[in-house]
Amino acid sequence: MAKIVFKSQNMEVDVPTGSSVAEVCDSKNVPFPFSCRSGVCTTCLCNVLEGAEFLNEKGDNEKMTLEGAGAKDNQRLGCQLKIEKEGKVVLESVEY
Ligand code: FES
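In this note's numbering, the protein residues as written are 909 to 1004.
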């Protein structure tokens, strides 16, 4: 199991590895801001405060969107995140 802490929403959930953050938010009613859910709009931009090493690598689409948005190195698109390894991941929404 892994743990995701949603700092802006003041929630934390235990999740099986392999979970996508968007699916977790839907099933646990986490009010994380999403819109397109396809890595285009940046509504879900978040700071990864801890545990980046437990997440999936950035895909080309996510890299392009982050670059276009001038995102910092520790920022990811929440809708593109998957928990790949056991550990604790702390996410902070940028727009919340
Ligand atoms: S919801 Fe649009 S990029 Fe994630």
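A virtual CB, placed ideally from N, CA and C, is assigned to each residue, including glycine. Computed from a predicted structure; not experimentally measured.
- Between the C-alpha atoms of K993 and S928 there is a straight-line separation of about 12 Å.
- Within the same chain, F940 come within 6 Å of C933 by CB-CB distance, once the 5 residues on both sides are set aside.
- Residue side-chain check: C952 places its Cβ nearer than 8 Å to a non-hydrogen atom of the ligand FES.
- Taking all protein chains in view, the Cβ of C987 is crowded by 16 or more other Cβ atoms within 10 Å, so the residue is classified as buried.
- Non-local C-beta neighbours of N982 in its own chain, meaning closer than 8 Å and more than five positions away in sequence, comprise N955, V956, L957 and A960, ordered along the chain.
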